[in-house]
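Colleague: I'd like to ask you about the structure that follows.
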Amino acid sequence: MHPDLTERILQHLETVDKVDTLELATLFSVDHQKVVGALKSIQAHGDLVIAETATQKNLELTDEGQSVVEKGSHEAIVYSLVPPEGIAQAALMVAGGPNAKVGFSKAMSQGWILLDKSVNPPLVRRKVDQIVDNVKEQLVLVASGKSQLTAKDVADYKKRKLLQETTVKSFILSKGPEFATTLTKLETDLTMDMLTSGLWEQLKFKSYNFDALGAAPTRGHLHPLLKVRTEFRQIFLEMGFSEMPTNNYVESSFWNFDALFQPQQHPARDAHDTFFIIHPAQSHKFPQEYLQRVKAVHSKGGYGSLGYGYDWKLSDAQKNLLRTHTTAVSARMLFKLANQEGGFKPAKYFSIDKVFRNETLDATHLAEFHQVEGVIADVGLTLGDLIGTLYEFFRKLGITQLEFKPAYNPYTEPSMEIFCYHPGLAKWIEVGNSGLFRPELLRPMGLPENVNVIAWGLSLERPTMIKYGINNIRDLVGPRVDLKMVEDGPICRLDHI
Ligand SMILES: N[C@@H](Cc1ccccc1)C(=O)O
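Using the numbering used here, you'd call the opening residue of the sequence shown number 1330 and step up by one each time.
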């Protein structure tokens, strides 16, 4: 608010009996709201002024009315589009755009144009050589505040949505019993000094506003990872996926590696990369026939594959570990899908949960993190389906530029790393891994020959870090989490970063 607006109002009021706040706004060339604000603060100081409410009706152009002022009325535009030789009505409608229909009927009733039915198709022709665009002229006058419209004109223009009536509330001010041209400062606090010296009797106190909203107290907040997880879950659900049960952190090597055709000598199965469990060190319950088929495909091959040709050991498959990827969850689910009652049915699944790797900790790696994984099983799926699905999935995250790079996974062929262009960071970043599950994985499970499975996985931490502008993963979990970030972090889409 203008600092001395209150005093300017009071000084003006000293010279007159009554003044309207709208008049003051024009006089001081300030917004009417500001004058009303200043009035409120004058009123807070006591009965300096008497304010009576007044309402005034104003005529204003609508957006459509404004366009008539700028470009002419709809009927004049239609008239101007009719060439001397005439034009087919349909072509006129196309040329005139959305307002051509009203323009046409108004121009007809004004007697400016006619429809010549003596030719086939009928042609719209000019009926007069010249027109005066009264509507435009009258609205121009309204815009300049000089309108002299009759009540009927006003009603007509309102009906045509060219004019609207607005009511403006204002106050008529006159001097009150405590009128003064300056404001005395209002005290907000009653101090001990004021009481003992008796000063309080001469001071004016600001009254309490019991309706003011207090500051919201802080309370529980969702962690950024949970918020981003909610967002991913929502996207999967929108795309028709169902969530897989993911509650087993402890998994056997069988489901984490062997079922996925990952050979027992694979370096990832080394204790350097995997946390093995000591108690209990082994799992014992496996679907026996399936286990035999997995053993066979590793050691001898099958389903058109040569296998790896090594001596597959049950004892290695039995070793318990903290699952290293959520693909172990997908393996269990696909086995269930292949062996469910009534046989295989196409399905779309997702999971978002914690996985563990024996990593050297650094700015981008922790020993535990989350994976987001999507899996689709259906007849005749191709790499094209995978690419299309990935585009749709990432589009829903606000990412539209993707690139794919050939990659290798023991369980997928072909495999693709997924890169996306991040406009905020102005670079391509790797966001995930994907592929078509190998027959050596699907057929031993009992999935029919013509069924293919496409899948992709990404970490939950990486998009969360990008979204919240964090470059050290240790700032995302544990004691280094900035509580301000947790409180303020909005649930918003990645494109709002
Ligand atoms: N399991 C892979 C991701 C992935 C999932 C599904 C298919 C292909 C790859 C990983 O840990 O990175």
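Every residue gets a Cβ at the ideal spot worked out from N, C-alpha and C, and that includes glycine.
Measuring CB to CB, does E1580 end up less than 9 Å from L1651?
Modeller: Result yes, Cβ atoms of E1580 and L1651 sit closer than 9 Å.
Colleague: Kindly indicate which three-state DSSP category N1687 falls into: helix, strand or coil?
Modeller: Here N1687 sits in coil by DSSP.
Colleague: Please determine, among T1382, R1661, D1804, the residue with the shortest C-alpha to C-alpha distance to V1497.
Modeller: The residue with the shortest Cα to Cα distance from V1497 is T1382.
Colleague: What's the C-alpha gap between H1699 and P1553?
Modeller: Whole-angstrom Cα-Cα distance: 13 Å.
Colleague: Is Y1737 near ligand 1, with its Cβ less than 8 Å from a heavy atom?
Modeller: No, the Cβ of Y1737 stays beyond 8 Å of every heavy atom of ligand 1.
Colleague: Comparing C-alpha positions only, which one of M1523, F1570, T1653, T1525 sits nearest to F1583?
Modeller: Measuring from the Cα of F1583, the nearest candidate turns out to be T1653.
Colleague: Please report how far the alpha carbon of K1430 lies from the alpha carbon of L1351, in whole angstroms.
Modeller: Going from the Cα of K1430 to the Cα of L1351 covers about 41 Å.
Colleague: Keeping to the same chain, check which residues put their C-beta closer than 8 Å to that of V1483; ignore five residues upstream and five downstream.
Modeller: Hits under 8 Å: L1388, L1492, E1494.
Colleague: Are the CB atoms of M1521 and L1532 within a distance shorter than 9 Å?
Modeller: Their beta carbons are not under 9 Å apart, which means L1532 does not touch M1521 by this criterion.
Colleague: Can you say whether H1613 is buried or exposed, counting buried as having 16 or more other CB atoms within 10 angstroms of its CB?
Modeller: By the neighbour-count rule (16 or more Cβ atoms within 10 Å), H1613 is not buried but exposed.
Colleague: Pick helix, strand or coil for G1394, following the three-state DSSP scheme.
Modeller: Looking at G1394 - three-state DSSP - the assignment turns out to be helix.
Colleague: Taking the beta carbon of F1673 as the centre, do at least 16 other beta carbons fall within 10 Å, making it buried, or is it exposed?
Modeller: Counting Cβ neighbours within 10 Å, F1673 comes out buried, since at least 16 surround it.
Colleague: For a test of your reading of the model: does the CB of W1584 fall under 8 Å from any non-hydrogen atom of ligand 1? Yes or no.
Modeller: The answer is no for W1584.
Colleague: Ligand 1 heavy atoms versus the CB of V1704: any closer than 8 Å?
Modeller: At least one heavy atom of ligand 1 is nearer than 8 Å to the Cβ of V1704, so yes.
Colleague: I'd like the span of the alpha helix (DSSP H) that includes D1522, first residue to last.
Modeller: From DSSP, the alpha helix (DSSP H) with D1522 extends over 1521-1526.
Colleague: Is there at least one non-hydrogen atom of ligand 1 closer than 8 Å to the beta-carbon of A1784?
Modeller: Checking the Cβ of A1784 against ligand 1 gives yes.
Colleague: For T1575, count neighbouring Cβ atoms within 10 angstroms of its own Cβ and tell me buried if that reaches 16, exposed if not.
Modeller: Burial call: buried.
Colleague: Which runs of the beta strand (DSSP E) fall wholly inside the segment 1568-1652 and span at least 3 residues, in chain order?
Modeller: List check, beta strand (DSSP E) in window: 1579-1581, 1649-1651.
Colleague: Can you tell me where the beta strand (DSSP E) holding N1449 begins and where it ends?
Modeller: Here N1449 belongs to no beta strand (DSSP E), and DSSP marks it neither H nor E.
Colleague: Give me, in chain order, the residues of the same chain whose beta-carbon lies closer than 7 Å to that of G1415; leave out the 5 immediate sequence neighbours on both sides.
Modeller: The answer, listed in chain order, is D1445, L1452, V1453, R1454.
Colleague: Can you give me the start and stop residues for the alpha helix (DSSP H) that A1736 sits inside?
Modeller: Premise fails: A1736 lies in the beta strand (DSSP E), 1731-1738, not in any alpha helix (DSSP H).
Colleague: Going by beta-carbon coordinates alone, are N1781 and L1789 separated by less than 9 Å?
Modeller: Not in contact: N1781 and L1789 (Cβ atoms no closer than 9 Å).
Colleague: Between E1343, G1671, S1370, which has its C-alpha nearest D1333's C-alpha?
Modeller: Closest by alpha carbon: S1370.
Colleague: Which residue spans inside the segment 1354-1420 form an unbroken beta strand (DSSP E) run of at least 3?
Modeller: Those beta strand (DSSP E) runs which fall completely within the segment 1354-1420 and span 3+ residues are 1378-1390.
Colleague: Helix, strand or coil: how does DSSP classify T1496 here?
Modeller: Three-state result, T1496: strand.
Colleague: Within 9 Å of any Cβ in chain D, is that where the Cβ of T1525 sits?
Modeller: Any reference to chain D falls outside this structure, which holds one protein chain only.
Colleague: Is DSSP giving G1854 helix, strand or coil here?
Modeller: Any answer about residue 1854 is impossible in this case: the structure gives the chain only from 1330 up to 1826.
Colleague: Compute the Euclidean distance between the alpha carbons of Y1578 and T1517, then round it to the nearest angstrom.
Modeller: If I take the Cα positions, the gap works out to 60 Å.
Colleague: I'd like the list of long-range same chain contacts for E1759, defined as Cβ closer than 8 Å, with 5 residues on each side in sequence excluded.
Modeller: Within the same chain, E1759 has close Cβ partners E1746, I1747, F1748.
Colleague: Do A1436 and A1405 have their C-beta atoms closer together than 9 Å?
Modeller: Cβ distance < 9 Å, so A1436 and A1405 count as in contact.
Colleague: Counting beta carbon pairs with one atom in the segment 1540-1555 and one in the segment 1411-1425, are three or more of them shorter than 8 Å?
Modeller: They do not touch, by the three-pair rule.
Colleague: Only counting the same chain, and skipping five residues up and downstream in sequence, which positions put a Cβ closer than 6 Å to that of P1592?
Modeller: Excluding residues within five positions, the ones whose Cβ falls inside 6 Å are Y1637.
Colleague: Would you mind sorting D1599 into buried or exposed? The rule is 16 or more other CB atoms within 10 Å of its CB.
Modeller: Flag for D1599 reads exposed.
Colleague: Would you kindly work out how many angstroms separate the C-alpha atoms of A1324 and P1735, rounded to a whole number?
Modeller: Outside the displayed span of the chain (1330 to 1826) sits residue 1324, for which this structure offers no information.
Colleague: Please identify the residue among Q1669, W1785, L1754 whose C-alpha is closest to the C-alpha of F1837.
Modeller: Past the boundaries of the shown model lies residue 1837; the chain is included only from 1330 to 1826, so the question cannot be answered.
Colleague: Inspect the CB distances between the segment 1391-1404 and the segment 1355-1364 and report whether three or more fall short of 8 Å.
Modeller: Verdict: no, contact absent.
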